[in-house]
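Positions 74 to 158 (the numbering used here) are the ones given, in order, by the sequence shown.
No residue lacks a Cβ here, since even glycine has one placed at the ideal position from N, Cα and C.
Nothing here was measured: the structure is a model prediction, and the numbers come from that model.
Beneath this line is the structure, given in structure tokens, with notes to follow.
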Amino acid sequence: MTTAECKQTRQRIALFARASDLFDQFGCSLPLAIALLNGWPTEVKTYQEFVESGAWHLFLSGALYFLAAFALRRAVSFAAAGLAP
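As structure tokens, this is what we get:
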């Protein structure tokens, strides 16, 4: 790999790392923002009403966003380790 290709690859990994950091920082708040825009929660509910209303999807999507952020962090670390001399 030439020096120019190596520099370009390092820049791309740095950009990917920055995007991964932003997703890690703000990604888990996306499901909450979507839920609030859709009008949930508007009132206090019991656990049974919570389960029946399907609001548990909010917590499931938050967990999935957390796992996606973890996978992005790992991908960046593997890409950076692959370039190490």
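Item                                                                                                : Value
Inter-stretch contact (C-beta, 8 Å, three-pair minimum) for the region 77-90 and the region 100-119 : no
Where the alpha helix (DSSP H) containing THR82 begins and where it ends                            : 76-99
GLU122: first and last residue of the uninterrupted alpha helix (DSSP H) it sits in                 : 120-126
Pairwise C-alpha distance: ALA157 and VAL124                                                        : 49 Å
Same chain, Cβ closer than 8 Å to ALA153, neighbours up to 5 away in sequence not counted           : ILE86 and ALA90
Burial state of LEU137 (16 or more Cβ within 10 Å)                                                  : exposed
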